[in-house]
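Read through the structure below, which is laid out as structure tokens, and then see the notes.
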Amino acid sequence: MPHVREHALDGTRGAVAVHEWPHPAPRFLALLAHGYGEHAGRYEELAAVLTGHGAAVYAPDHMGHGRSAGERVLIEDFEDVVTDLHAAADLARAAHPGLPLVLVGHSMGGLVAARYAQRHGAELSALVLSGPVIGAWELPGRLLALDEIPDTPISPASLSRDPAVGAAYAADPLVWHGPMKRPTVEAFARTLETVDRGGDVGGLPLLWLHGDDDRLVPLSGSRVGVERLGGARAAERIFPGARHEVFNETNRAEVFAELVRFLDTALPR
Numbered sequence: 001m002p003h004v005r006e007h008a009l010d011g012t013r014g015a016v017a018v019h020e021w022p023h024p025a026p027r028f029l030a031l032l033a034h035g036y037g038e039h040a041g042r043y044e045e046l047a048a049v050l051t052g053h054g055a056a057v058y059a060p061d062h063m064g065h066g067r068s069a070g071e072r073v074l075i076e077d078f079e080d081v082v083t084d085l086h087a088a089a090d091l092a093r094a095a096h097p098g099l100p101l102v103l104v105g106h107s108m109g110g111l112v113a114a115r116y117a118q119r120h121g122a123e124l125s126a127l128v129l130s131g132p133v134i135g136a137w138e139l140p141g142r143l144l145a146l147d148e149i150p151d152t153p154i155s156p157a158s159l160s161r162d163p164a165v166g167a168a169y170a171a172d173p174l175v176w177h178g179p180m181k182r183p184t185v186e187a188f189a190r191t192l193e194t195v196d197r198g199g200d201v202g203g204l205p206l207l208w209l210h211g212d213d214d215r216l217v218p219l220s221g222s223r224v225g226v227e228r229l230g231g232a233r234a235a236e237r238i239f240p241g242a243r244h245e246v247f248n249e250t251n252r253a254e255v256f257a258e259l260v261r262f263l264d265t266a267l268p269r
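Residue numbers 1 to 269, in the UniProt record's numbering, belong to the letters of the sequence shown in order.
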């Protein structure tokens, strides 16, 4: 695995921890946006693939997640998360000026990345969405209709067919294993609408990756959002039998190969 450096940024709601997987002579920058309840440290294998392909990789722990400040999993406004992610991009660009920037967002990070592309798309060379929470995601509406949000944590088995992935997730002290918080669910609902109304990303190259057995963020709901965001220009790869975390799936070598092929096409030569 590549060496990891850690940085601390002044975020919108407190200190933001940023992981950096450096490259001695990068040809592009990769910015990673992780999913709900987890942290950027779970993306070491993806970072290794990207650094092996010539990237310097940067990934913040979102507010209330991982080693960043804030009440656990409390996000009152996803626009703040986008702003923090942009600060991490500024950190990367200051260290490596002039390089193309690729944004990779998974799950909740896909929602953040989609909104980032709407706000700052001119700064990006490519966008990759993995199991993204965009489009017709029904969970917020179901939870907000309840008087009390149930304490039903994410099932580790829903992440990947690889049991080691679920076991590591369940044992990770930086992963949140409690219930969702109402302000966060409300922020999800608002931002889904914001992205839905926010327009497409124009000619920005976009790759959508999804498992067809994703029960946390169903494929059909994300398709609605991807089609609005990327139109007919979006490239997609749906993996039969794969669950929510395609970068941690049993066929992840195939997923990584698809990602690398896309980057070779999308990035300037």
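Cβ atoms here follow ideal geometry from the backbone N, Cα and C, with glycine treated the same way.
Residue environment: H3 is assigned as exposed (fewer than 16 neighbouring CB atoms within 10 Å of its CB, all protein chains considered). By the criterion of at least three beta-carbon pairs nearer than 8 Å, the segment 17-35 is in contact with the segment 106-118. With a cutoff of 9 Å on beta-carbon distance, V73 and T184 are scored as near each other. Using a Cβ distance threshold of 9 Å, D213 and G241 count as a contacting pair. Three or more pairs of CB atoms, one per stretch, sit closer than 8 Å, so the segment 91-109 contacts the segment 124-131. Burial is judged here by how many other beta carbons sit within 10 angstroms of a residue's own beta carbon; D84 has at least 16 and is buried. Measuring C-alpha to C-alpha distances from V16 to each of H23, Y43, G64 and V57 identifies G64 as the nearest. E236 places its beta carbon less than 9 Å from that of L209. Judged by their CB atoms, A234 and L263 are not nearer to each other than the 9 Å cut-off. Between the segment 55-63 and the segment 151-163, the count of Cβ pairs shorter than 8 Å is below three; the stretches do not touch. Distance from the Cα of L192 is smallest, within the candidate group M180, V226, R161 and A167, for V226.
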